[in-house]
Amino acid sequence: MDYEAIKEDFEEKISTCEIIEFDNGEEYFFILGQFINYIFDTLGGPHKYKNALNYLTDPYIPKSIKEIGERNINFLNNLPKLFPVKDMQFNKVYKALIEDKSKFINDNTDELLCSDSFFKGLHGNNLFMEIFH
Numbered sequence: 000m001d002y003e004a005i006k007e008d009f010e011e012k013i014s015t016c017e018i019i020e021f022d023n024g025e026e027y028f029f030i031l032g033q034f035i036n037y038i039f040d041t042l043g044g045p046h047k048y049k050n051a052l053n054y055l056t057d058p059y060i061p062k063s064i065k066e067i068g069e070r071n072i073n074f075l076n077n078l079p080k081l082f083p084v085k086d087m088q089f090n091k092v093y094k095a096l097i098e099d100k101s102k103f104i105n106d107n108t109d110e111l112l113c114s115d116s117f118f119k120g121l122h123g124n125n126l127f128m129e130i131f132h
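Here numbering that gives the first Met the number 0 is used: the first residue of the sequence shown is 0, the next is one more, and so on.
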């Protein structure tokens, strides 16, 4: 899939939709990766939190994308304690990722496609750096 198209589509969703809905698992996992990337960049960079990021992404011991997704959503559930944000767009994305968890993180998740999307989002240029600043 064209990740630039996902970015453009998602930027439009953030600015025009009251409630964000993901079109498919590929988009959901790409945005989850982008969101995690944004959080660690904002906190000072992934190098400062290498152990936490390794736990969330498990680069050394391959895990299923379902497990990685669940770990990241659990991290996001604790995020308000660590990362208080009052930005309305940030909160829209945060809520959409939490609320759509069961729709996209389940036994029907396309392992290869969603894993590729998550890691492209995690390691790609971050769209949220432009949107939230």
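Using N, Cα and C, we set each Cβ at its ideal position, and we do this for glycine too.
7 Å Cβ shell around residue i - same chain, five flanking residues per side excluded
{"i": "E110", "result": "S63 and I64"}
{"i": "D86", "result": "F131"}
{"i": "I19", "result": "K12, I13, K91, V92 and A95"}
{"i": "F74", "result": "L55"}
{"i": "D57", "result": "I67"}
{"i": "K80", "result": "none"}
{"i": "S114", "result": "I64"}
Beta-carbon gap between residue i and residue j smaller than 7 Å
{"i": "S116", "j": "F29", "result": "yes"}
{"i": "L112", "j": "K6", "result": "no"}
{"i": "F82", "j": "Y27", "result": "no"}
{"i": "L52", "j": "R70", "result": "no"}
{"i": "T108", "j": "G24", "result": "yes"}
{"i": "F34", "j": "Y48", "result": "no"}
{"i": "F21", "j": "D99", "result": "yes"}
Integer Cβ distance of residue i from residue j, believed to fall under 8 Å
{"i": "I97", "j": "I72", "result": "7 Å"}
{"i": "M128", "j": "Y37", "result": "7 Å"}
Where the alpha helix (DSSP H) through residue i begins and ends
{"i": "P79", "result": "L78 to L81"}
{"i": "E129", "result": "F127 to I130"}
{"i": "G24", "result": "G24 to T41"}
{"i": "I5", "result": "Y2 to T15"}
{"i": "G120", "result": "E110 to H122"}
{"i": "V92", "result": "M87 to E98"}
{"i": "K47", "result": "Note, K47: premise wrong, no alpha helix (DSSP H); not H, not E."}
Contacting residues, own chain, Cβ-Cβ under 6 Å from residue i (five flanking each side not counted)
{"i": "G32", "result": "F117, G120 and L121"}
{"i": "G68", "result": "I104"}
Close beta carbons around residue i, own chain, < 8 Å, minus the five adjacent residues each side
{"i": "D106", "result": "K65"}
{"i": "G123", "result": "Y2, G32, Q33 and N36"}
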